[in-house]
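S.K.: Structure in structure tokens, see below.
2 protein chains.
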Amino acid sequence: MLELRLVQGSLLKKVLESIKDLVNDANFDCSATGFSLQAMDSSHVALVALLLRSEGFEHYRCDRNLSMGMNLNNMSKMLKCAGNDDIITIKADDGSDTVTFMFESPTQDKIADFEMKLMDIDSEHLGIPEAEYHAIVRMPSAEFARICKDLSSIGDTVVISVTKEGVKFSTRGDIGTANIVCRQNTTVDKPEEATIVEMNEPVSLTFALRYMNSFTKATPLSNTVTISLSSELPVVVEYKIAEMGYIRFYLAPKIEEDEDETKPQA
Amino acid sequence: MLELRLVQGSLLKKVLESIKDLVNDANFDCSATGFSLQAMDSSHVALVALLLRSEGFEHYRCDRNLSMGMNLNNMSKMLKCAGNDDIITIKADDGSDTVTFMFESPTQDKIADFEMKLMDIDSEHLGIPEAEYHAIVRMPSAEFARICKDLSSIGDTVVISVTKEGVKFSTRGDIGTANIVCRQNTTVDKPEEATIVEMNEPVSLTFALRYMNSFTKATPLSNTVTISLSSELPVVVEYKIAEMGYIRFYLAPKIEEDEDETKPQA
DNA sequence: GACCCGCATC
DNA sequence: GATGCGGGTC
Chain A
1 MLELRLVQGS LLKKVLESIK DLVNDANFDC SATGFSLQAM DSSHVALVAL
51 LLRSEGFEHY RCDRNLSMGM NLNNMSKMLK CAGNDDIITI KADDGSDTVT
101 FMFESPTQDK IADFEMKLMD IDSEHLGIPE AEYHAIVRMP SAEFARICKD
151 LSSIGDTVVI SVTKEGVKFS TRGDIGTANI VCRQNTTVDK PEEATIVEMN
201 EPVSLTFALR YMNSFTKATP LSNTVTISLS SELPVVVEYK IAEMGYIRFY
251 LAPKIEEDED ETKPQA
Chain B
1 MLELRLVQGS LLKKVLESIK DLVNDANFDC SATGFSLQAM DSSHVALVAL
51 LLRSEGFEHY RCDRNLSMGM NLNNMSKMLK CAGNDDIITI KADDGSDTVT
101 FMFESPTQDK IADFEMKLMD IDSEHLGIPE AEYHAIVRMP SAEFARICKD
151 LSSIGDTVVI SVTKEGVKFS TRGDIGTANI VCRQNTTVDK PEEATIVEMN
201 EPVSLTFALR YMNSFTKATP LSNTVTISLS SELPVVVEYK IAEMGYIRFY
251 LAPKIEEDED ETKPQA
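As they're listed, the protein sequences go chains A and B. Reading the first sequence from the start, the letters are residues 1 to 266 in the working numbering. Reading the second sequence from the start, the letters are residues 1 to 266 in the working numbering.
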């Protein structure tokens, strides 16, 4: 028996908006710890890891670990039927092949329940080791989204370079080149507007903008984004979900080629 | 000679927006009583009845009864040329095969007139008997529209069930099922936000969501919608038009089939 | 289905 | 002035 009551239902709506374009089907795993998901994108290049800790739910009952395979597109369709202020409850009986989403309007005048069929999905759950990163950049999520969108109109890949001074996003395409430098800036009024660079050693890595732009769909979930970089490791793009957990996107860097061959294929 | 001056011209614009997708051609009937229309939708399944009473017009002159056949798409194109604050005057000479729409801007700085050809349309004007309904639901029109839209992302038909407690909208489709319950609620601050259920006996009827979603195009005309249901009778979905009349949509229920065959074809 | 723009609301 | 919602376009 599973029953998770999330007062801020819009969080779950946003979570689905941010991953449904990347992943078609995925298992949601419920345990005493929380509600989580780990999945590769459809082309098996990027990885999404979501965690919503049990403490973030108003009510969290999970009698035993449960893995529920869902079609994220269908799940998203159902969640779109919830109002942004609705309370969302996720229910499943043990052994059932369906999950129920219940939406309560703030006034309790409208109560909706949506039942969705579950699917069998075999997914290898990767253990993702905690790693030391050469550099960790924290910056406003909207700014990062804007940069990725802007650069993708020029080129297909972005080179992210971190130095003590800040972080540089560069691209190159048929029509020209672009470099956007964000200087470290901690003296801003509001902490969520700060750009903070923690650097152990300089690093410069290349990524496909197509995936970066997918990741930035999670921008509504958090004011800030954290980008963790090491040479030879996948970048981690993390959006914290207030009081509950995070959504993290992992993407392997492209192998750097010659300077004048900056558009290698994946 | 016909001359109808409607100060709130946006009403007429909204009326056309709400029926032009349902009905291609229709006769507008003018009499001393008012300006009215009754027409079946193009697939002959739903019926629209519009009434704009003469008292709602600033000036209403209709020397003798007149039936004017119009292509609603063309009429809508012309009305789109009127500003939302414009005063609209409808003019026709006896025996003429055209109608003229005149638009006056609020400041009188712009006066436009659009002449449209009339068409011969033979339409049986159905007498619609006043009926006793098993249940009448009044609810915010935007909420009803939202429910119809949401459910249509899951299934093709909606079952509307009224009990003393409230009204339930249900559907079923390939990806799952949905039930939305709206409880009776008269204690709300604003009367237009209330949900009121008058029930003589419980009723449960099935309708094609495609038509319901067409009807809800009339939502801008009124804050509330009234849904009148009886078994074996067409449902009436009514939007009152302030100070002037109403627009009503009639739709026959689908014949209920077995529980496990809930998606019959029209 | 995703993206962009305009309108309405707070 | 900023944010959220809805409609239209690609």
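The C-beta atom is built at its ideal place from N, Cα and C for all residues, glycine as well. Quick caveat: nothing in here was measured; it's all calculated off a predicted structure.
To the nearest angstrom, how far is the alpha carbon of B:M116 from that of B:T98?
M.R.: Taking the first residue of the second sequence as 1, we reach residue 116 of chain B at position 116. Taking the first residue of the second sequence as 1, we reach residue 98 of chain B at position 98. Approximately 5 Å, taken between the alpha carbons.
S.K.: In chain B, which residues lie with their C-beta within 8 Å of the C-beta of A:K117?
M.R.: Within the first sequence, numbered from 1, the residue matching residue 117 of chain A stands at position 117. Those within 8 Å of A:K117 in chain B are I175 and G176.
S.K.: Among the candidates A:D63, A:A82, A:A142 and A:N213, whose CA atom is the shortest distance from the CA of A:L4?
M.R.: Position 4 of the first sequence holds residue 4 of chain A. For A:L4, the nearest C-alpha among the options comes from A:D63.
S.K.: Would you call the CB atoms of B:I154 and A:K77 closer than 9 Å?
M.R.: On the second sequence, residue 154 of chain B is found 154 positions in, with the first residue counted as 1. On the first sequence, residue 77 of chain A is found 77 positions in, with the first residue counted as 1. Result yes, Cβ atoms of B:I154 and A:K77 sit closer than 9 Å.
S.K.: With DSSP collapsed to three states, give me the class of A:D150.
M.R.: Within the first sequence, the letter at position 150 stands for residue 150 of chain A. Residue state, collapsed to three classes: helix.
S.K.: For a test of the three-state rule: what should DSSP assign to B:G155, helix, strand or coil?
M.R.: Taking the second sequence and counting its residues from 1, one reaches residue 155 of chain B at position 155. B:G155: coil per DSSP, three-state reduction.
S.K.: If I measure Cβ to Cβ from A:P140 and keep anything under 7 Å in the same chain, skipping five residues before and after, which residues do I get?
M.R.: As a working note, residue 140 of chain A is residue 140 in the first sequence. E192, E193, N223 and T224.
S.K.: Just to make sure I have the definition right: I need the residues of chain A whose C-beta is within less than 8 Å of the C-beta of B:V181. Which are they?
M.R.: Numbered from 1 along the second sequence, position 181 holds the residue referred to as residue 181 of chain B. Simply K110, I111 and A112.
S.K.: Please decide whether B:I154 counts as near chain A, where near means a Cβ-Cβ distance under 9 Å.
M.R.: For the purposes of this step, residue 154 of chain B is identified with residue 154 of the second sequence, where counting begins at 1. For B:I154, the answer is yes, since a Cβ of chain A falls inside 9 Å of its Cβ.
S.K.: Give me the residue from A:I227, A:R61, A:R210 and A:S43 with the minimum Cα distance to A:V203.
M.R.: Taking the first sequence and counting its residues from 1, one reaches residue 203 of chain A at position 203. The shortest C-alpha separation from A:V203 is found at A:I227.
S.K.: Please specify which runs of the beta strand (DSSP E), each continuous and at least 3 residues long, are wholly inside the segment 193-236 of chain B, giving them in chain order.
M.R.: Fully enclosed beta strand (DSSP E) runs of 3 or longer: 196-199, 203-208 and 224-229.
S.K.: Quick check: what's the CA-CA separation for A:V159 versus A:M75?
M.R.: Position 159 of the first sequence, counted from the start, is the residue given in the question as residue 159 of chain A. Position 75 of the first sequence, counted from the start, is the residue given in the question as residue 75 of chain A. Answer to the nearest angstrom: the Cα atoms are 35 Å apart.
S.K.: Taking C-beta pairs closer than 7 Å, name the residues in chain A that B:T195 reaches, listed in chain order.
M.R.: On the second sequence, position 195 is the one that residue 195 of chain B refers to. Going along chain A in sequence order, the residues near B:T195 (Cβ under 7 Å) are D109.
S.K.: Closest Cβ-Cβ distance between B:N185 and chain A: below 9 Å?
M.R.: To locate residue 185 of chain B, count along the second sequence from 1; it is residue 185. Yes, B:N185 counts as interfacial toward chain A.
S.K.: According to DSSP, which residues form a beta bridge with A:D29?
M.R.: Taking the first residue of the first sequence as 1, we reach residue 29 of chain A at position 29. DSSP, once it has assigned bridges, lists A:S36 and A:S67 as partnering A:D29.
S.K.: What does the alpha-carbon distance come out to for the pair A:A208 and A:C182?
M.R.: Counting from 1 along the first sequence, the entry for residue 208 of chain A is found at position 208. Counting from 1 along the first sequence, the entry for residue 182 of chain A is found at position 182. Computed Cα separation, rounded: 20 Å.
S.K.: Got a sec: is the Cβ-Cβ distance from A:K13 to anything in chain B below 9 Å?
M.R.: Locating residue 13 of chain A in the first sequence gives position 13, counting from the first residue. Chain B, which has no Cβ nearer than 9 Å to the Cβ of A:K13, makes this no.
S.K.: Using the Cβ count rule (16 or more neighbours within 10 Å means buried), how would you classify B:T107?
M.R.: Here residue 107 of chain B refers to the residue found at position 107 of the second sequence. Exposed, since its Cβ has fewer than 16 Cβ neighbours within 10 Å.
S.K.: Check for me: the beta strand (DSSP E) holding A:I90 runs from which residue to which?
M.R.: Indexing the first sequence from 1 puts residue 90 of chain A at position 90. A:I90 -> beta strand (DSSP E) spans I87 to A92.
S.K.: Do B:T206 and B:A145 have their CB atoms nearer than 9 Å?
M.R.: Indexing the second sequence from 1 puts residue 206 of chain B at position 206. Indexing the second sequence from 1 puts residue 145 of chain B at position 145. For B:T206 and B:A145, no; Cβs fall outside 9 Å.
S.K.: Closer than 7 Å by C-beta to A:S31: which residues in its own chain qualify, once you throw out the five before and the five after it? Chain order, please.
M.R.: As a first step, residue 31 of chain A is located in the first sequence; it is residue number 31 there, counting from the start. Cβ within range, chain order: C62 and N65.
S.K.: Let me confirm a value: A:D85 is counted as buried when at least 16 other C-beta atoms fall within 10 Å, else exposed. Which label applies?
M.R.: The sequence position of residue 85 of chain A within the first sequence is 85, counting from 1. Exposed, because fewer than 16 other Cβ atoms sit within 10 Å of the Cβ of A:D85.
S.K.: Could you give the first and the last residue of the continuous alpha helix (DSSP H) run that contains A:E17?
M.R.: Reading the first sequence from its first residue, position 17 is the one you call residue 17 of chain A. Start and end: S10 to I19.
S.K.: If you reduce the DSSP assignment to three classes, tell me which class B:L2 lands in.
M.R.: Numbered from its first residue, the second sequence carries residue 2 of chain B at position 2. Three-state result, B:L2: strand.
S.K.: For A:V23, which option in A:G69, A:V237, A:S161 and A:A142 has the closest C-alpha, if you only look at C-alpha atoms?
M.R.: Position 23 of the first sequence, counting from 1, holds the residue named residue 23 of chain A. When only C-alpha atoms are compared, the closest one is A:G69.
S.K.: Per DSSP, B:K168 forms a beta bridge with which residues?
M.R.: Taking the first residue of the second sequence as position 1, residue 168 of chain B is located at position 168. Its beta-bridge partners are B:S161 and B:V181.
S.K.: Quick check on A:L4 - is its C-beta less than 9 Å from some C-beta in chain B?
M.R.: Taking the first sequence and counting its residues from 1, one reaches residue 4 of chain A at position 4. A:L4 does not count as touching chain B.
S.K.: Name, in chain order, the residues that DSSP records as bridge partners for A:V48.
M.R.: Along the first sequence, read from residue 1 onward, the residue named residue 48 of chain A stands at position 48. Looking at the DSSP assignment, A:V48 forms a beta bridge with A:A39 and A:F249.
S.K.: Would B:Q38 and B:V45 be called neighbours here (beta carbons separated by less than 9 Å)?
M.R.: Walking along the second sequence from the start, residue 38 of chain B turns up at place 38. Walking along the second sequence from the start, residue 45 of chain B turns up at place 45. Against a cut-off of 9 Å, the Cβ pair of B:V45 and B:Q38 comes out as no contact.
S.K.: Roughly how many whole angstroms lie between the Cα atoms of A:S231 and B:I180?
M.R.: Here the question's residue 231 of chain A lines up with position 231 in the first sequence. Here the question's residue 180 of chain B lines up with position 180 in the second sequence. About 52 Å.
S.K.: Tell me which residues share the same chain as B:E165 and place their Cβ nearer than 7 Å to its Cβ, disregarding the 5 neighbours each side in the sequence.
M.R.: In the second sequence, counting from the first residue as 1, residue 165 of chain B sits at position 165. Cβ neighbours of B:E165 beyond the five flanking positions: R183 and Q184.
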